[in-house]
Amino acid sequence: MSKKLKVALSILIITILVIATVKQSIRLHNSINRVQFPTQQSRQLSKSGIYNWMTVGELTEKFGTKEEKVFELLGITPQPEDYNLSILALRKKYNITSEEMLKGLKNVINHSSQNGGKHD
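Per our numbering, the very first residue in the sequence shown carries number 38; after that it's consecutive.
Set out below in structure tokens:
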């Protein structure tokens, strides 16, 4: 192979690699821009400090009630795996609307305040 052919081939390979790198960088940048960061409204169910990712165990610690009582106030008959699910996952699993879940969580808060729970 002549020297000119080697240089031309090298330049072609470098050009292809640069184009591929730029294309991947643009894809990565666009996918990062599509990420929706959580807002206060999407994270918090109400002004009570209850968040969608909280589990029933975390609610019982926060409000000083028993897990069974929380499920009862939410209107859910618990299965063994439900104790580790988040509020959002429970809502989706049992097809509960946001309004019904908020009403149940308000019942949990009211129950804990009536029974001297440690609502903060």
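For every residue, glycine included, the Cβ atom is placed at its ideal position computed from N, Cα and C.
Here the structure is a predicted model, which is why all the values come from computation and not from measurement.
For a quick check, are the C-beta atoms of residue i and residue j less than 7 Å apart?
i, j, result
"residue 107", "residue 93", "yes"
"residue 101", "residue 149", "yes"
"residue 114", "residue 104", "no"
"residue 124", "residue 91", "yes"
If we count the other Cβ atoms within 10 Å of its Cβ and call it buried at 16 or more, is residue i buried or exposed?
i, result
"residue 59", "exposed"
"residue 44", "exposed"
"residue 48", "exposed"
Which residue wins for smallest C-alpha separation from residue i, given the options the options?
i, options, result
"residue 141", "48, 112 and 62", "112"
Helix, strand or coil for residue i per DSSP?
i, result
"residue 97", "helix"
"residue 157", "For residue 157, the predicted model reports a pLDDT of 44, less than 50, meaning its position is unreliable; a value from the coordinates is still stated below. Coil."
"residue 88", "strand"
"residue 47", "helix"
"residue 39", "coil"
Which whole-angstrom value describes the C-beta separation of residue i and residue j, a residue pair presumed to lie in contact below a C-beta threshold of 8 Å?
i, j, result
"residue 122", "residue 130", "7 Å"
"residue 119", "residue 110", "No, residue 119 and residue 110 are not in contact; Cβ-Cβ is about 14 Å, not under 8 Å."
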